[in-house]
Amino acid sequence: MYDFDVAKAAEKRLSELAKPVGSLGLLEQISIRLAGIQGTLNPCVQNPRVVVFGGDHGITEENISPFPPSVTPLMIKTMCFGESAVTVLARSANTKVEIVNAGCFTETPSWTTAPGVRFWNNPIAHGTQNFLHQSAMTSKECREAMLLGNHLVEKLHKEGVDVLAIGEMGIGNTTSASALYCCLLGISPSQAAGPGTGLNQVGVKHKADIIQKSLSRSPTTDPISALQQFGGLEIAAMVGAYLKASELRIPILLDGFIATAAAIVATRINPKTTHSFIACTKSAEPAHQYALNALNLNTPLFDWGLRLGEASAAVLAIPTVKAACALINDMTTLEQVLQSS
Numbered sequence: 075m076y077d078f079d080v081a082k083a084a085e086k087r088l089s090e091l092a093k094p095v096g097s098l099g100l101l102e103q104i105s106i107r108l109a110g111i112q113g114t115l116n117p118c119v120q121n122p123r124v125v126v127f128g129g130d131h132g133i134t135e136e137n138i139s140p141f142p143p144s145v146t147p148l149m150i151k152t153m154c155f156g157e158s159a160v161t162v163l164a165r166s167a168n169t170k171v172e173i174v175n176a177g178c179f180t181e182t183p184s185w186t187t188a189p190g191v192r193f194w195n196n197p198i199a200h201g202t203q204n205f206l207h208q209s210a211m212t213s214k215e216c217r218e219a220m221l222l223g224n225h226l227v228e229k230l231h232k233e234g235v236d237v238l239a240i241g242e243m244g245i246g247n248t249t250s251a252s253a254l255y256c257c258l259l260g261i262s263p264s265q266a267a268g269p270g271t272g273l274n275q276v277g278v279k280h281k282a283d284i285i286q287k288s289l290s291r292s293p294t295t296d297p298i299s300a301l302q303q304f305g306g307l308e309i310a311a312m313v314g315a316y317l318k319a320s321e322l323r324i325p326i327l328l329d330g331f332i333a334t335a336a337a338i339v340a341t342r343i344n345p346k347t348t349h350s351f352i353a354c355t356k357s358a359e360p361a362h363q364y365a366l367n368a369l370n371l372n373t374p375l376f377d378w379g380l381r382l383g384e385a386s387a388a389v390l391a392i393p394t395v396k397a398a399c400a401l402i403n404d405m406t407t408l409e410q411v412l413q414s415s
């Protein structure tokens with residue numbers, strides 16, 4: 075868990091470096107956050123890893139996405155082959171990628187993967203149910219999906235992974251995330267619903283209406299209940315991954331809209347998890363800022379209009395967190411500069 079004493083000492087050290095105090099802005103805040111998470115004045119990011127959880131959503135029966143669910147396994151296949159946005163970006167950052175089938179509708183073969191990519195074909199179920207009519211998951215499915223993420227992070231920790239960029243792939247999961255925002259942030263469906271993968275205004279209103287009807291079926295503010303009722307298998311796996319990463323002092327590079335929904339659930343389960351996140355992006359989804367504010371992550375690294383998900387923003391942050399480590403570890407102090415003159 076987060077070490078506030080180390081974070082305070084890191085802030086003091088940064089103030090003594092050979093530069094005006096605070097002149098490297100947000101980069102210094104990242105150095106402090108990394109020091110606090112890892113519990114050391116010499117934070118280190120040498121073995122980052124990207125993890126993408128995939129899963130399908132029964133709510134797609136309500137036409138809340140311009141894309142069919144069949145796209146989910148196709149994109150997982152593209153990731154395995156190293157040809158997707160996230161795998162290309164990860165390769166440019168010299169970072170390996172873990173792809174996890176948490177629950178696609180259809181069977182997926184164990185594809186041969188590109189170098190630097192590993193595929194975990196561990197579906198908990200064949201997608202979720204339509205949460206307009208019933209719970210998205212059973213309590214057993216929700217628990218097992220969380221354990222899937224939990225156990226993978228435990229394994230990666232044993233392999234020496236020291237920072238995680240976690241993302242998702244699942245047609246319909248912006249609707250699922252929006253419902254979680256409503257349950258746990260207290261915002262309305264009209265505030266939570268956005269264009270997702272490209273809905274027009276009519277489509278966004280339809281999405282909000284579906285969310286409103288779904289919330290009326292099973293209103294809840296409990297994080298586990300909300301996750302079971304409205305979440306996705308991949309979102310539940312992310313929640314489990316976040317909780318274990320926080321426990322193991324692994325910094326989490328927080329991706330976009332759906333990833334942040336999982337973060338809200340995780341922090342409501344264990345509030346101490348909040349300090350393990352570094353916000354990487356402000357999503358183009360309008361409700362995302364509500365969640366960032368709730369996590370006290372008001373200033374993400376990027377505001378580039380990113381809305382892909384898939385850990386694409388998180389992987390772009392890997393060079394930045396490496397730079398933040400170099401800053402606090404290698405930069406000389408003003409006193410040392412003056413003594414050498």
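Residues in the sequence shown are numbered from 75 upward in steps of one, following our numbering.
Think of the CB as a built atom: it goes at the ideal place given N, C-alpha and C, for glycine as much as any other residue.
What is the DSSP secondary structure of residue i, reduced to helix, strand or coil?
i: G388; result: The sequence as given places Ala at residue 388; Gly does not occur at that position. Three-state result, A388: helix.
i: A239; result: strand
i: T407; result: strand
i: A353; result: strand
i: I338; result: helix
i: I324; result: coil
i: N224; result: helix
i: Y76; result: coil
i: L206; result: coil
i: N367; result: helix
In whole angstroms, what separates the C-alpha of residue i from that of residue j?
i: L91; j: C178; result: 50 Å
i: A81; j: D130; result: 40 Å
i: G379; j: Y316; result: 25 Å
i: C257; j: F331; result: 15 Å
i: D329; j: E172; result: 15 Å
i: N274; j: G268; result: 9 Å
i: P374; j: Y364; result: 13 Å
i: L100; j: V145; result: 37 Å
How should residue i be labelled, buried or exposed, when 16 other C-beta atoms within 10 angstroms of its C-beta is the threshold for buried?
i: S166; result: exposed
i: Q413; result: exposed
i: V276; result: exposed
i: K281; result: buried
i: A400; result: exposed
i: N247; result: buried
i: C154; result: buried
On a CA-only basis, which of the options is nearest residue i? Give me that one, please.
i: H225; options: A176, A266, T271, I133; result: A176
i: I111; options: R217, L408, L327; result: L327
i: M75; options: L382, S386, K396, N344; result: N344
i: G241; options: I138, T271, E308, V276; result: E308
i: Y255; options: V339, M405, G234, E409; result: V339
i: A210; options: A251, A266, V278; result: A251
i: D283; options: G270, S264, F351, A300; result: S264
i: V125; options: E136, Q208, T248, I150; result: I150
i: G260; options: L222, A300, G244, K232; result: A300
i: A391; options: R123, L115, S89; result: R123
i: L408; options: T394, R217, K86; result: K86
i: I298; options: A310, S290, Q103, R291; result: A310
i: S350; options: A333, M312, P325, E359; result: P325
Per DSSP, which residues does residue i bridge with? Please list them.
i: I173; result: V126, F193
i: F304; result: Partner(s): none; F304 has no beta bridge.
i: F376; result: T355
i: L91; result: T407
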